[in-house]
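Down below is the structure, laid out as structure tokens.
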Amino acid sequence: MNKVIVGTESMIVSPHYLASQAGEQILQKGGNAFDAAVAVSACLAVVYPHMTGLGGDSFWLTYKEKTGKVRTYNGSGKSGAAVTREMFKGKESIPFRGIESVLTVPGMVDSWDAILKEYGSMTLAEVLQPAIAYAEKGFPLSNDQYENTVKNEGLLRNIEETAAVFLPDGKVPEKFSRFVQKNLANTLKQLGANGRDDFYKGELANRIISGLQKKGSYLTIADFAAHKGEWSEPLASTYRSYTMYQAPPNSQGFVGLMILNILENFDFSSIPYESYEYYQLIIEAVKRSFQDRNEHLTDPTFHDIPLEQLLSKKYAKEMADSISLEYTADYTSRPVGSDTAHAAVVDKDGNAVSFIQSLYFEFGSGVVAGDTGITMQNRGSFFSLDPDHVNTLEPNKRTFHTLMPAMAFKENKPYVLYGTQGGEGQPQTQTLMITRMLDYGLDPQRAISEPRFVWGRTWGEKTEELKIENRISANVLEKLQKAGHTVNRVEAFDGIMGHANAILIDEQGFLYGGVDPRSDGAAIGK
């Protein structure tokens, strides 16, 4: 099990050690947390290419020490202006993979530009240097990338441009072999030289669109040119004596706040975190919150989401009162993609960034755009084709988004920065992590490393399972089964539990970093 890393000035956590090192390089060169965060983000796009990339989205929570303000940046893209449900006539749902799943403009590159322009001290070209080096010269292919490549070999082999990147020499590369992405390196160099607009309006945009349209994409250069992310105020609530921040819709962040609002009604001082009661309360709070999420979450410009009601303490008390410690409530879930990367940075001046990015499924759509080396996300496949569904597919619309970076504040200062990979699992794992830290005093590494669960339905299954690690005691597992949960015991540190990270800043200003043993991550403190 990993040990908590302690820093006296700064801390970086990410799910890949090379990305954490990239951020540290930027800090050593005099960059701030925002510069380092973009470097980490770009590096993850190279060294964790099955999880994230330039063809995907991102959400950011930022804290500027001098202003004392928390802000969020929505780096998710809209569906194309000509994308309609009629394009999928005769189909029950949008295909999860392939060119038909490439329906939304990727927003991550725009978010890099926005973060640097607003708060950075370095240029895009400077912070992209570590990512460019790893793409051009190669890096040891991670165990996680290897396993996901084996799992998706058929998908990757189907498309010539994709196979050329991820199946060099026509086969799955070996673990820890040098993995090189020359086309992606050239794209990053061009982006550094020409800036954000080249990706959305310039020569690079035209090459991306040309590559996609040759395969029948519905996206156009006008869709890319129209893209713009958004700065906004984060959602805020309280949990005991802490202030909790999440990104607003179309992020599912409000669910994380709803769950904590419910749990606030229970006294955890008399409930051990290894107990049946602890797991039962969290699972039941998750189920109730998910029902509201599934009913309301979409692009808020298309649907009025009643956040005031959903986040009210009165509503939370009503839901808490409906929870039984004896049996589980009967709710349903919808399976969602889970392959994501969260990271966080705190610098010597107290600036803090918690951010998360994704291609949605592993390798996203499976489509690499021409000769750019960019894998396109399949986030648009989560739109519904039902015209009466809140998240129905419409032109120029953002979809229901699972990405949700989080922060907890204590006495108006950042206390915990946290997040995780995992789709449906994100609110669940976040709740386990943060309650273990805030209610039980666990350090970030231990809070992450303790046993976890994920409730919900996965692809191809008709029932809602409670996947739970076999490290949890037999007595707890037996009680959960008796309460009516469909319990599926999985191996210790199973990857389905996601890759979590956290930074805790104590009263003395010391920084404690934790990364998931299930990932290839590293916490780097100074």
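The numbers in our numbering rise by one with no breaks, and the one at position 211 of the sequence shown is 214.
For each residue, glycine too, the CB sits at the ideal point set by N, CA and C.
Everything numeric in this text was worked out from a predicted model, so none of it was measured.
Counting along the chain, N253 sits inside no alpha helix (DSSP H), nor does DSSP assign it H or E at all. Inter-residue distance for S240 and I265 is about 12 Å (C-alpha atoms, whole angstroms).
Counting the other Cβ atoms within 10 Å of the Cβ of E481 gives fewer than 16, which makes it exposed. According to DSSP, S17 shares a beta bridge with A525. With a 10 Å radius around the Cβ and a threshold of 16 neighbouring Cβ atoms, P309 comes out exposed. Per the C-alpha coordinates, the member of S315, I211, M500, I527 positioned closest to M261 is S315. In this structure W234 is exposed. Its beta-carbon is surrounded by fewer than 16 other beta-carbon atoms within 10 angstroms.
According to the DSSP secondary-structure assignment, R492 is paired through a beta bridge with I471. P237 counts as buried, since at least 16 other C-beta atoms from the protein chains shown sit within 10 angstroms of its C-beta. Inclusion of A40 and V349 in the CB contact set at 7 Å is not warranted, their separation being larger than that value.
Taking 7 Å as the cut-off, the beta carbon of N253 is found no closer than this to the beta carbon of K320.
I451: member of the alpha helix (DSSP H) spanning 447-452, first to last residue. Within the DSSP bridge table, the entry for P143 names R181 as partners. A Cβ-Cβ distance of about 5 Å is found for the pair V490 and L469, placing them in contact under the 8 Å criterion. Contact check for F227 against V370 fails: the beta carbons are separated by 7 Å or more. Look at E233 here: in three-state DSSP terms it is strand. Here L328 is exposed. Its C-beta has fewer than 16 other C-beta atoms within 10 Å.
Residue nearest to L106 within the set V112, I97, D113 is I97 (criterion: CA-CA distance).
Take the alpha-carbon of K231 and the one of I224: they are about 14 Å apart.
Contact check between the region 130-147 and the region 172-184: three or more CB pairs, one atom from each, fall below 8 Å, which counts as touching.
Restricted to the region 15-55, not a single beta strand (DSSP E) segment is unbroken, complete and at least 3 residues in length. The region 401-415 and the region 194-203 do not touch, with fewer than 3 CB-CB distances between them shorter than 8 Å. In the structure shown, F386 adopts coil according to DSSP, grouped into three states. A contact between stretches requires three or more CB pairs, one per stretch, nearer than 8 Å, and the region 4-24 fails this requirement with the region 86-104. By the C-beta density criterion, N478 is exposed, having fewer than 16 other C-beta atoms within 10 angstroms. The DSSP-derived three-state label of R401 is coil. Take the alpha-carbon of E27 and the one of D519: they are about 19 Å apart. Contact between G59 and Q360 holds: CB atoms are separated by about 6 Å, below the 8 Å threshold. Residue range 279-299 is occupied by the alpha helix (DSSP H) that includes V289. Excluding its 5 nearest sequence neighbours in each direction, M14 has C-beta neighbours in its own chain below 6 Å: V349, I506, L514, G516, G528, listed in chain order.
Contiguous alpha helix (DSSP H) elements confined to the region 302-384 occur at 310-313, 316-324, taking only those with 4 or more residues. The shortest C-alpha to C-alpha distance from E298 to any of V393, Y245, I274 is the one to V393.
In this structure, I286 lies away from T434, with their beta-carbon atoms at least 7 Å apart. In the structure shown, T11 falls within a coil segment according to DSSP collapsed to helix, strand and coil. By DSSP's assignment, V73 forms a beta bridge with Y66. As DSSP reads the structure, M410 sits in a beta bridge with Y248, L420.
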